[in-house]
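Those protein sequence lines, which keep their order, are chains F and W.
Each position in the first sequence, counted from 1, maps to that position plus 1176 in our numbering.
Each position in the second sequence, counted from 1, maps to that position plus 333 in our numbering.
Positions of the beta carbon are idealized from the N, C-alpha and C atoms, including for glycine.
The model shown is predicted, which means the values in this text are computed figures rather than measured ones.
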Amino acid sequence: MRDVVLFVPCFVDQFQPSAARSAVAVLERLGCRVHVAASASCCGQPPTNAGYNDDGEALLTRFEQAHVREVPGDAPVVVLSGSCAQHVRAHTTHDALRRRVQEFTAFLHDEIGLPALAALGATCPARVAVHIGCHALRGLGLAVPSERGPGSTVAPRNLVTAVLAQVHGLEVAPLTRPDECCGFGGTFALGEPELSTRMGTDRLRDMRRAKAEAVVTTDLSCALHLRAVAEANGAPLPMWHVAEVLDPARRLGRG
Amino acid sequence: MSRPTLPVLDHAAAAAAFVSDADRTEWHDAALWWIRQRRDTAVADVPDWEALRTHASAIKEHTLTHLASYLEQFERMARAKGLQVHWARDAAEHNAIVHRLLAEAGATRLVKSKSMLTEECQLNPYLEARGIAVVDTDLGERIVQLREEPPSHIVMPAIHLQTADVGATFHEHLGTPATLVDPVALTRAARADLRARFLAADATLTGANFAVAETGGFVVCTNEGNADLGMALAPLHIASIGIEKIIPTARDLPVFLRLLARSATGQPQTVYTSHVHGPREGQVVHIILVDNGRTAQLARPSYWRSLKCIRCGACLNTCPVYRRSGGHSYGTTVPGPIGSVLAPGFDLAAHASLPFASTLCGSCTAVCPVHVDLDAQLLAWRADVVQAGHGSSRTRQATRVATQLLQRPALARALTPVLRLALRVLPRAVTRALSGGWGRGRTVPMPAAESFHAWWRARSDHEH
Ligand code: SF4
């Protein structure tokens, strides 16, 4: 049994807790003993990104203390959000913790390995669009962004699609702009709402054009925004976290 | 004719106005995305692209950290070549020097080739007020000049306009038929008009893309040859050069020439790359080395690396915010990510909204040929804006409340069922109104019936 600490960001806790329950289920099926730090709440990204560094640092310190105090040894801290993981990695001065922090999909890909994921036997008969949050993409390197890949179209290295390839029946719909920003950007969504929703609308249109039946993402914050835009446009689209798609106990998709 | 000075803008409001025209937004976004794809393809053709970027960045950082000695070397070498060198501390000094040089030569007709520096200095209105006729000769610059608008892009100044807009402008100012919208015919009309002005000009003014300390020469890159025509015809040539354009040696030039055009438009090279290493016979060449805030930026530890910028415009083209809000929404000479990093250094209060005109997606940093860490600098400016008291008070309050709450997870978790209930039972119209900016164009998300932490606690209790 390997110890793993799961960090569930506040918005996942409230708005899509099913993703976190699936993450627990997946990690346990993969032979991990899951811990959750009860006193961890927020990594501090929202205030820092809004320019309030004091508040951001206070929350980050709290995050650090929670994970150092409450959980055993040097177990990896698996973060259910690329953008929170990237924030901690980029801003913490706690070197040991920085090394422990990993985004969920990257942890599965790098530490667990694809054969074990295939053995999960997850099934999801659906054509999905993959959305990797910008911080996960460029900050954590979950995929090579299109502006860095040859010829811009298909990223040559993409951990997320490699992981999703282990799910039976799942088909990835190719997007014309594979990694266009969805327009959420944390406080940007509040500060520039018109532009933010326009970006979300464009992102969704690309997904629909590719005949995607659902969105699979590493970042439920992006999904929170995209779902809200899709619903306001009168065309809801299911938004799943990678963990939900991998969870063999959940029946997602068409059938 | 003079251009209005750029107004201080709230980016969010200007962007909202731009996106309210959905078709134009669509078209603008597509045009710039097309350029970015051309750039991607051109970049993929260079196998050592990443090494080239790293090398270029190192050259620039070295130059900027030894700027004074390279500038002095440049001045010495340029003088030795018969080029005259002037120094301008700010826009006012720059404009006064240009005017004095023109007055001394008795010049009243100036042709200019695109120089964002003179735009930054607001040179045109200054000279026009003193009886000098100024004609911008780059096609895009000419179009916006006729329309009395500032450029909206540093490489493609009229990218915000469609051919119908240009047709209407030329009909009004150049007398082309009202129905004429064919780009080739419009270009011909502009060329006929410009040619006469080139031939009649007393003086020409250009910018420079690079100035070489070792040789004392400078390089101008254009696609239309207009700078060359101006330099070849006019007896007086003034070159306005920002001090950050210096590179150490001629051997460094090809590094930047390979990066510049590919990043800008996806061309392997610009069509014309002209080297000025001395005046031709019968001509006088003056160089004005301009600071105008550059040394101040150089002194800022968080932002000095923005001076590495070679003005390729790639960060504008890739920026999802720029593509959908247009260059004018920034209210600055240089828009987009790099403009948002440069402008606060000039006047923090006036440009306080710009560091927030980004989702921090990081694509700008990933395309920049000289590794300017744009997203990190945008983030740093946000903290400086807040520190200086220019942040929005609503955000301040919301942040404080949220932080207080999140500092006490137990209390937060005790309160959330109440908030959850409120969100669930309040009419949607009320929650939408309460959500402020979020509710515009988006539904307000509903919390789940049971939070993860509640579930986790219950499960743990059950197990024990
Ligand atoms: S910051 Fe970089 S990408 Fe942007 S214009 Fe300057 S050199 Fe080009």
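Excluding sequence positions up to five away, which residues of its chain have a Cβ less than 8 Å from the Cβ of residue i?
i                : result
L1422 of chain F : S1198, V1202, L1284, L1293, L1296, A1298, V1339, Q1342, V1343
S335 of chain W  : With a pLDDT of 43 at S335 of chain W, under the threshold of 50, the modelled position of that residue is not reliable, and no figure is offered here.
A1302 of chain F : G1345, L1346, E1347, E1389, A1390, L1428, G1429, R1430
H795 of chain W  : none
L586 of chain W  : F543, V545, V552, I580
P1412 of chain F : R1403, A1406
V588 of chain W  : L385, H388, A389, I392
Between residue i and residue j, which are expected to be in contact by the criterion C-beta below 8 Å, what is the C-beta distance as a whole number of angstroms?
i                : j                : result
T434 of chain W  : L460 of chain W  : According to the sequence displayed, residue 434 of chain W carries Leu and not Thr. The pair is not a contact, with the Cβ atoms about 11 Å apart (cut-off 8 Å).
V1181 of chain F : H1243 of chain F : 6 Å
V1210 of chain F : V1184 of chain F : So it is not a contact: roughly 11 Å between Cβ atoms.
H1263 of chain F : C1219 of chain F : 5 Å
R657 of chain W  : M1375 of chain F : 7 Å
K445 of chain W  : L527 of chain W  : Their Cβ separation, rounded to whole angstroms, is 11 Å, which puts K445 of chain W and L527 of chain W out of contact at 8 Å.
T1393 of chain F : R773 of chain W  : Their Cβ separation, rounded to whole angstroms, is 23 Å, which puts T1393 of chain F and R773 of chain W out of contact at 8 Å.
T512 of chain W  : L519 of chain W  : Incorrect: roughly 12 Å between the Cβ atoms, too far for contact.
C1300 of chain F : L1346 of chain F : 5 Å
A438 of chain W  : L569 of chain W  : 5 Å
L404 of chain W  : L622 of chain W  : 7 Å
S607 of chain W  : V545 of chain W  : So it is not a contact: roughly 13 Å between Cβ atoms.
S662 of chain W  : L342 of chain W  : 7 Å
S1194 of chain F : D1395 of chain F : That pair is no contact at about 16 Å.
L1235 of chain F : T736 of chain W  : 6 Å
W771 of chain W  : P1369 of chain F : 7 Å
Less than 7 Å between C-beta atoms, sequence neighbours within five positions excluded: which residues of the same chain meet that for residue i?
i                : result
G1327 of chain F : Caution applies to G1327 of chain F, whose pLDDT of 47 falls short of 50 and renders its modelled position unreliable; the value that the coordinates give is listed next. Result list for G1327 of chain F: empty, nothing under 7 Å.
C648 of chain W  : G669, P670, I671, C697, V700, C701, L707
A323 of chain W  : Lying outside 334 to 797, the shown extent of chain W, residue 323 of chain W is not represented and no answer is given.
G659 of chain W  : F351, H361, S485, H493
K1499 of chain F : Absent from the structure is residue 1499 of chain F, since the part of chain F shown begins at 1177 and ends at 1431.
F1364 of chain F : S1372
A721 of chain W  : L681
L1400 of chain F : F1187, F1191
N559 of chain W  : S446, T470, D471
Report all residues from its chain with a CB closer than 6 Å to the CB of residue i; omit the five preceding and five following residues, and keep chain order.
i                : result
A375 of chain W  : R595, G599
V468 of chain W  : V444, R530
V1253 of chain F : V1181, F1183, H1243, R1276, V1277
T1329 of chain F : Only weak support is given to the placement of T1329 of chain F: the predicted model assigns it a pLDDT of 45, under 50, and the value that follows is read from those uncertain coordinates. Closer than 6 Å at Cβ, skipping near neighbours: no residue.
Q478 of chain W  : D469
F1239 of chain F : A1216, C1219
S784 of chain W  : none
T1352 of chain F : D1382
The ligand SF4 and residue i: does any heavy atom of the ligand fall closer than 7 Å to the residue's C-beta?
i                : result
S492 of chain W  : Note on identity: in this sequence residue 492 of chain W is Ile, with Ser being the wrong assignment. No, the ligand SF4 has no heavy atom inside 7 Å of this Cβ.
V648 of chain W  : First, the amino acid is wrong: residue 648 of chain W is Cys here, not Val. For the ligand SF4, at least one heavy atom lies less than 7 Å from the Cβ of C648 of chain W.
S390 of chain W  : no
W644 of chain W  : With the sequence shown as reference, residue 644 of chain W is identified as Arg, and Trp is not the correct amino acid for it. Correct: R644 of chain W has its Cβ closer than 7 Å to the ligand SF4.
P702 of chain W  : yes
S1397 of chain F : no
I671 of chain W  : yes
L707 of chain W  : yes
S596 of chain W  : yes
Problem - Three-pair Cβ contact test at 8 Å for the stretch 605-615 of chain W versus the stretch 627-637 of chain W - result: no
Problem - 3-residue-minimum beta strand (DSSP E) runs that sit fully inside the stretch 389-456 of chain W, ordered along the chain - result: 417-421, 442-445
Handout entry: In chain order, each alpha helix (DSSP H) run of at least 4 residues that lies wholly inside the stretch 488-539 of chain W
Key = 496-507, 516-533
Handout entry: Inter-stretch contact (C-beta, 8 Å, three-pair minimum) for the stretch 568-582 of chain W and the stretch 362-381 of chain W
Key = no
Practice task
Determine contact between the stretch 693-710 of chain W and the stretch 1355-1370 of chain F, defined as no fewer than three beta-carbon pairs at a distance below 8 Å.
Solution key: With the cut-off at 8 Å, the stretch 693-710 of chain W and the stretch 1355-1370 of chain F touch.
Practice task
Counting only runs of 3+ residues fully inside the stretch 565-608 of chain W, write out the beta strand (DSSP E) ranges in chain order.
Solution key: Complete beta strand (DSSP E) runs here, min 3: 569-575.
Handout entry: Contact the stretch 386-405 of chain W vs the stretch 576-591 of chain W: 3+ CB pairs below 8 Å
Key = By the C-beta criterion, the stretch 386-405 of chain W is judged to be in contact with the stretch 576-591 of chain W, since at least 3 inter-stretch pairs fall below 8 Å.
Practice task
Taking only runs that begin and end inside the stretch 1358-1420 of chain F, name each unbroken beta strand (DSSP E) of 3 or more residues, in chain order.
Solution key: 1390-1393, 1415-1417
Problem - the stretch 1400-1414 of chain F in contact with the stretch 376-388 of chain W per 3-pair CB rule at 8 Å - result: Between the stretch 1400-1414 of chain F and the stretch 376-388 of chain W, the count of C-beta pairs closer than 8 Å stays below three; the two stretches do not touch.
Problem - Start-end ranges of the alpha helix (DSSP H) lying completely within the stretch 1241-1273 of chain F, minimum 4 residues - result: 1258-1267
Exercise for the section: Please specify which runs of the alpha helix (DSSP H), each continuous and at least 4 residues long, are wholly inside the stretch 336-380 of chain W, giving them in chain order. Expected result: 344-352, 355-377
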